[in-house]
Amino acid sequence: MVNVLFHPFFRRKFSKIRDKNLKNRIIKQFDKIARNPDIGKPMKFARKGTREVHAGSYRLSYTYLEDKIVYLDPYHKDEQ
Numbered sequence: 138m139v140n141v142l143f144h145p146f147f148r149r150k151f152s153k154i155r156d157k158n159l160k161n162r163i164i165k166q167f168d169k170i171a172r173n174p175d176i177g178k179p180m181k182f183a184r185k186g187t188r189e190v191h192a193g194s195y196r197l198s199y200t201y202l203e204d205k206i207v208y209l210d211p212y213h214k215d216e217q
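Under the numbering used here, the first residue of the sequence shown is numbered 138, with each subsequent residue one higher.
The following block contains the structure:
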């Protein structure tokens, strides 16, 4: 069983997303990541050690260890 944690910053930004369809897409990505944490694209440079997946026009940044997934930041692709 994998422990899932949400960074407070993630919670704040996720709660500000008003589009219910987008929130559902993000929640579906949570399930996919829980089943296979390697699914995300590994990041480089300043974001080394994190991964990200796409959910609509948003990116979900997360990191994981053997038994723990920590969601760090949901950000819009235009904020890169």
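Ideal placement from N, C-alpha and C gives every residue a C-beta, glycine not left out.
Query, Result
"By a C-beta neighbour count over all protein chains shown, 10 Å radius and 16 as the cutoff for buried, is P211 buried or exposed?", "buried"
"For I170, which residues does DSSP report across the bridge?", "For I170, which the question treats as bridged, DSSP gives no partner whatsoever."
"Mind the definition here: the stretch 165-172 touches the stretch 197-209 only if three or more C-beta pairs lie below 8 Å; say whether that holds.", "yes"
"Can you tell me the Cα-Cα spacing of P145 and S194, whole angstroms?", "21 Å"
"Would the beta-carbon of E189 fall within 8 Å of that of K181?", "no"
"Rounded to whole angstroms, what's the CA-CA distance from N140 to L202? Just pull it up for me.", "10 Å"
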